[in-house]
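Structure first, commentary second.
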Amino acid sequence: MSAVGLIQRLAPGVRWARRLAQIAFIVIGIATVNFFLLHLAPGDAAEVMAGEAGAATPEFMAALREQFGLDQPLYIQFGKYLGNVLTLNLGYSFRQGLPVSRLILDRLPATALLMAASITFALVAGAALGFLAARRAGHLTDTIISVIALLFYATPVFWIGVVLIVIFSVWLDWLPVGGMATIEAGYQGTAYALDVGRHLVLPAVTLGLFHLAIYTRLTRASMLQIYGQDFVRTAVAKGVAPGRIAVRHVLRNALLPIVTMLGMQLGSILGGAILVETVFSWPGLGRLAFEALFQRDLNLLLGILLASSILVVVVNIAVDLAYGFLDPRVEIS
Amino acid sequence: MSLPILEIDALSLALPTGSDRPFAIESLSLHIGAGETLCVVGESGSGKSLTALATIGLLPKAVRPAGGTIRLAGRDLLGLSERAMRDVRGREIGTIFQEPMTSLNPVMRVRDQIAEAFQAHRVLDAKRRIARTLELIAEVGLPDPAAIAGAYPHELSGGQRQRVMIAMALALEPKLIIADEPTTALDVTTQAQILKLLDALRKKHDTAVLFITHDFGVVSEIADRVAVLQHGILVEQGSAEQVLHHPQDAYTKRLLAAVPSLVPPAPKDLGEAPAAFRVDDLSKTYPGRGFLRRRAVKAADGVSFVIRRGETLGLVGESGSGKSTVGRCVMRLIEPDAGAILIGDASIRELTQRQFQPLRRRVQMVFQDPFASLNPRRRVGHIIAEGPIAQGVPRRKALADARTMLGLVGLQPTVAERYPHEFSGGQRQRIGIARALALQPEVLVADEPVSALDVSVQAQILALLQDLQKRLGLAILFVTHDLRVAAQMCDRIAVMQKGRIVELQPTADLFRAPQHAYTRALLDAVPGRFLRPDFDTCFAAAE
Amino acid sequence: MGTLTSLPVAKVRRAREGMRLRVNSSALTGGIILALILVGAAAAPALYPGDPLDMAASPFIWPGTDPAYPLGTDMLGRDIAAGILHGARVSLLIGLVATLVSIAIGVTFGALAGFYGGRIDWALMRATELVQTIPPFLFALAIVAILQPSVPTIVIAIGLTAWPSLARLVRAEVLRLRNSDFVQASISVGASHRRIILLDILPNTFAPVIVSASILIASAILTESSLAFLGLGDPNVASWGGMVGAGREVLRTDWYVATLPGLAIVAAVLGLNLLGDGLNDLLDVRR
């Protein structure tokens with residue numbers, strides 16, 4: 001009995017150890033992928049890392065070759081590269097004049113804000129629309145919601161962004177065209193927050209609409225499936241009112257596949273953020289990736305790839321925890 | 001007799017046009033008095049479950065009442081609005097469904113699910129609801145009500161969940177309880193407990209019970225009166241005594257005759273038949289799931305037996321006893337950890353799968369689920385010929401032989417060109433038997449071959465197996481949970497519990513003088529133990 | 001003995017057929033949209049011979065103002081209608097070939113992992129998890145950026161990043177089938193692994209793979225257009241995403257330049273998704 005108790009008390013520690021191992025595995029795996037991508041690029045890896053050939057000073061190039069051991073055999077280069085990545089040394093962006101890790105950390109909060117806003121919007125609105133469609137299945141409401149969801153599901157994110165700018169910024173002039181804040185206004189405190197909020201609306205909605213479509217479709221489909229299950233019949237036989245059944249029994253269980261889907265979609269949301277940030281000049285990781293792309297600052301680009309993968313893993317752990325909270329059958333592991 | 005609580009009068013339920021019959025139920029009349037249990041019995045498709053669903057107003061949308069009335073304490077339920085009907089459900093009619101595993105909401109605590117019955121009918125305040133919930137949990141015989149109340153359904157066993165369902169059905173002290181096959185998914189010992197509980201609660205609360213079942217054994221345990229349905233038509237109704245022991249209708253007689261008797265037939269004379277199959281000290285342990293809290297499960301623990309040519313050995317046990325694991329281990333579908341398996345003189349346990357492949361011909365298997373065991377995308381002829389082709393028989397000959405095999409199991413040879421979905425459950429099981437026999441095996445492992453079938457079909461498949469055994473001299477390992485089937489099929493029976501054989505005896509001896517306490521418990525739990533012996537004599541007299 | 005199983009079989013079959021008819025309409029709509037796009041793509045060289053990237057008329061002819069250029073011209077005087085039709089060829093080609101690459105990887109990984117289990121499964125699934133963790137669009141972007149944009153590199157980049165979900169799907173299906181009684185029966189009669197995989201398992205995974213394929217083509221078209229929008233399209237061919245990207249510059253004044261090719265993308269992706277939805281129910285995937 002006491003042995004079991006001890007093991008149970010240790011179990012959370014073991015789970016976290018496993019999660020850390022998972023992160024380590026992902027970091028090493030992606031570093032490996034990155035390393036080989038770098039060597040696929042035409043030209044000397046030092047040139048690739050420094051941006052276009054000739055953009056950096058000879059001293060910088062020499063330092064780079066030294067740091068990554070570029071004149072040594074491939075396996076030593078790989079070892080050095082891994083060592084650098086694991087000590088969070090992602091190199092230096094000559095173009096931007098700052099260390100890559102510093103650049104990424106600077107831009108991370110903007111992307112995190114954008115993702116949080118659009119995920120919240122997509123989840124809440126998507127679940128609500130899906131709920132409505134499922135409750136009115138076969139009626140006009142359902143048809144309209146389903147068609148709208150299908151349309152957003154088929155529309156490229158960047159095009160939604162472009163269209164929203166034309167409508168809300170150019171024609172109606174309600175919301176700013178881009179950026180994260182009106183810098184020249186010099187707002188402070190609440191005014192600043194409101195200003196950022198105004199700038200956030202269009203990018204968050206743009207990024208959210210595609211995923212809103214996914215959650216609407218998923219909520220509707222899972223709810224209809226759950227309506228056919230035995231425990232719903234049990235609730236009806238108890239005399240429970242339809243509204244309560246829809247919320248307490250059906251929607252509550254439909255949340256489980258929705259959360260699973262959220263975990264699976266994180267990478268795709270981050271990918272969408274690149275496009276949205278580009279369209280709206282939102283100063284986040286995606287915008288940084290776009291700049292890196294244009295300056296052919298490949299080392300920075302690969303650094304962003306690594307950082308965003310880690311972000312996916314970390315948020316996934318949060319999603320796992322939420323799932324364990326929602327589903328009593330799952331021992332969080 | 002007391003005034004009827006439930007009165008069904010000339011009820012007809014219409015099926016949508018294009019169905020294979022116009023009515024699911026045709027002018028059905030039933031009544032149940034307070035404190036009385038009426039069993040509605042029938043095979044699948046008889047309309048017995050629809051009767052229950054019509055009473056609580058939960059008919060599938062496609063099925064519509066087309067006449068008649070359902071009166072609960074004088075009030076016609078069919079005329080009620082959905083809102084009024086909602087008030088009747090739970091408050092005046094409690095319902096218990098078949099599947100305890102899926103009938104409770106997996107993400108809601110037991111306490112909240114029971115209390116929801118009060119909440120739905122705005123009975124009691126929040127505090128009293130919880131207190132009453134705990135009383136109910138205690139009343140249905142669950143230990144430690146506080147712990148059960150806080151548990152989620154997956155933390156309870158099947159029997160415990162069914163008790164929770166009963167507590168929920170009883171919560172508002174309804175006049176009528178509808179139980180739709182409430183024990184079909186349970187083990188026989190659990191079934192006996194649940195039946196006893198239901199009966200005690202019925203007496204205590206003077207509730208009317210509408211009990212739907214396919215099992216005459218259960219009927220004889222619990223029914224005051226019995227109604228027999230065939231294709232939606234009531235063929236016979238009367239007191240339990242009357243229907244079970246003096247059946248009037250031919251269909252009822254046929255159904256009762258198909259129930260296997262617990263009295264084994266006279267033992268066969270196997271003479272000097274040699275041992276065809278020998279298993280020695282077979283063991284299989286499943287490592288527990290989970291990272292740290294591994295609880296290893298010994299599914300087979302030193303299992304040994306011998307089957308002679310032409311003999312059937314029954315492997316009997318409840319779910320989780322390891323009987324199916326043993327069945328699959330001897331087929332090498334699961335790799336045993338230790339022990340010896342011999343077909344004739346050939347020892348097969350140590351062989352690699354590749355070495356074993358040519359020997360597979362000698363031991364074949366019939367599976368439980370006739371729907372899952374045939375590839376839906378292959379023609380029946382090809383399914384049967386797969387084994388011979390794998391063993392090197394020329395394709396053309398194997399396909400021709402497959403037609404012969406179909407004839408052997410009582411199907412038309414021409415059906416070889418059809419796909420599995422065109423056949424009924426019983427026909428599919430014949431195809432499965434043909435597939436196994438196409439390789440002319442010496443040993444046949446039958447894993448619950450009739451437990452998915454209706455009782456009349458079951459009798460036919462059992463007769464087929466016995467006939468084939470006589471003609472081909474098969475040694476059969478017959479895995480089953482059903483002691484009635486075992487009594488009729490097996491020459492000897494091994495009783496399994498927690499991976500071990502606790503008793504192995506000739507069938508007649510096992511039923512007459514069980515040695516192990518667990519065997520006795522199993523035998524005691526078989527519903528309707530005295531159904532057939534009495535019936536046989538009465539039936540013979542009636543003819 | 002639930003509600004449905006106790007009903008006469010014919011009733012259930014009928015209900016299912018009713019559903020089939022209804023979902024057929026979504027498969028049909030999707031099919032028609034796709035057929036129209038295919039016809040347009042096939043007719044492009046005949047209707048608009050010559051390079052759609054060449055200047056055809058004066059810039060900024062608005063749609064509907066000049067019958068010779070029904071969809072107008074962009075800021076460089078390129079015919080938008082010609083661009084959209086030629087772009088259809090590129091988009092569909094990239095979508096199709098990239099999806100074939102994904103299916104080749106995904107089905108192989110999923111089938112091997114699901115059928116053999118154990119270490120093979122462990123290794124293949126860790127690899128799948130790794131690729132799934134990397135944001136697919138960013139990954140594709142890096143590959144194209146490093147290899148230089150061209151139709152083959154774009155195909156490879158999309159194909160290499162889109163397979164993990166398919167691998168998981170196939171693995172789950174194979175695992176389910178591997179443990180099904182009919183596969184156990186085939187093992188019992190001594191059938192070879194090759195015959196079991198080819199005759200018992202793969203035919204039964206066909207339906208979900210086909211459904212996923214139509215969705216994968218749709219998302220490949222979206223990815224290609226997104227890459228082109230960021231300037232990572234093949235500069236030598238007209239593509240829908242590239243046209244939207246170019247039109248962005250003149251958004252305020254001449255919004256049709258970005259909008260029309262955008263509508264083409266929506267139509268193609270919508271058609272494929274509708275087809276996928278319809279097939280999903282027609283092929284009765286969740287049987």
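Chains as they are written, first to last, in UniProt numbering: chain B, 1 to 333; chain D, 1 to 543; chain U, 1 to 287.
Beta carbons: idealized from backbone N, C-alpha and C, even for Gly.
Item, Value
"Among D:A273, D:K298, D:T325 and D:A299, nearest to I307 (chain D) - alpha-carbon criterion", "D:A273"
"Partners in chain U for N375 (chain D), counting only beta-carbon separations shorter than 7 angstroms", "F182 and D200"
"is_contact[S309 (chain B), chain U] using C-beta, thresh 8 angstroms", "yes"
"Bridge partner(s) assigned by DSSP for T65 (chain U)", "DSSP lists no partner for T65 (chain U)."
"L439 (chain D) at chain U interface by Cβ criterion, 8 angstroms", "yes"
"Beta-carbon proximity check, W159 (chain B) vs V244 (chain U), cutoff 8 angstroms", "yes"
"G217 (chain D) vs P514 (chain D) beta-carbon contact at 8 angstroms", "no"
"Spatially closest choice to A170 (chain D) from D:I148, D:L156 and D:K203, by CA coordinates", "It is worth fixing the name first, because residue 170 (chain D) is Leu in this sequence and not Ala. Among D:I148, D:L156 and D:K203, the Cα nearest to that of L170 (chain D) belongs to D:K203."
"Within chain D, the residues that G138 (chain B) reaches when beta carbons sit closer than 8 angstroms", "None at all; the shortest Cβ gap to chain D is about 11 angstroms."
"Integer-rounded CB distance, given that R171 (chain U) should sit under 8 angstroms from G241 (chain U)", "About 32 angstroms; that fails the 8 angstroms criterion."
"Local Cβ density within 10 Å of A179 (chain D), reported as buried at 16 or more and exposed below that", "buried"
"Own chain, CB closer than 6 angstroms to E503 (chain D), minus 5 neighbours either side, in chain order", "V495, Q515, H516 and T519"
"Counted within 10 angstroms of its Cβ, other Cβ atoms place K397 (chain D) as buried (16 or more) or exposed", "exposed"
"Local conformation of Q505 (chain D) per DSSP, three classes", "strand"
"Secondary structure of A53 (chain B), DSSP reduced to three states", "Interpretation of A53 (chain B) is limited by its pLDDT of 47, a score under 50 that renders its predicted location unreliable; the figure taken from the coordinates is listed afterwards. Of the three classes helix, strand and coil, the one that applies to A53 (chain B) here is coil, per DSSP."
"Continuous alpha helix (DSSP H) stretch holding G114 (chain U): start and end", "I80 to Y116"
"Whole-angstrom distance between D447 (chain D) and T312 (chain D), CA atom to CA atom", "13 angstroms"
"Supposed close pair A204 (chain B), S118 (chain B) - CB separation, criterion 8 angstroms", "4 angstroms"
"Residues near D337 (chain D) in its chain [Cβ-Cβ closer than 8 angstroms; skip 5 each side]", "S283, K284 and T285"
"CB contact below 8 angstroms: L151 (chain B) versus chain D", "no"
"Pair within 8 angstroms by beta-carbon distance, V162 (chain B) and R248 (chain U)", "yes"
"CB contact check: H219 (chain B) to chain U, cutoff 8 angstroms", "Note that residue 219 (chain B) is Thr in the sequence shown here, rather than His. Chain U contact via Cβ: absent."
"Near-chain B residues of the region 168 to 185 of chain D (beta-carbon distance less than 7 angstroms), N- to C-terminal order", "M168"
"DSSP beta-bridge partners of Q497 (chain D)", "D:R500"
"At least 3 beta-carbon pairs within less than 8 angstroms: the region 46 to 61 of chain U vs the region 81 to 89 of chain U", "yes"
"Endpoints, alpha helix (DSSP H) assigned at A134 (chain B)", "V100 to R135"
"Same chain, Cβ closer than 7 angstroms to I233 (chain D), neighbours up to 5 away in sequence not counted", "E26"
"Chain U contact residues for L40 (chain B), given Cβ-Cβ distances below 9 angstroms", "I143, I146 and L147"
"Proximity test, Cβ basis, 8 angstroms: I105 (chain U) and chain B", "no"
"First through last residue of the beta strand (DSSP E) which encompasses H421 (chain D)", "Unbroken run through H421 (chain D): none, as it is neither H nor E."
"Reduced DSSP secondary structure (H/G/I, E/B, other) of M365 (chain D)", "strand"
"F211 (chain D): contacting residues in chain U (beta-carbon distance under 9 angstroms)", "Neighbours of F211 (chain D) on chain U: none; closest Cβ ~13 angstroms, over 9 angstroms."
"Counterpart residues of residue 576 (chain D) in DSSP-defined beta bridges", "No statement about residue 576 (chain D) is possible, as the shown extent of chain D runs from 1 to 543 and does not include it."
"Residues of the region 95 to 115 of chain D whose Cβ lies closer than 7 angstroms to any Cβ of chain B, in chain order", "T95, F97, E99, T102, S103, L104, N105, P106 and V107"
"Neighbourhood of L124 (chain D) by C-beta distance below 8 angstroms, restricted to the same chain and skipping five residues each side", "F118 and R132"
"Per-residue DSSP class, three states only, for P16 (chain D)", "coil"
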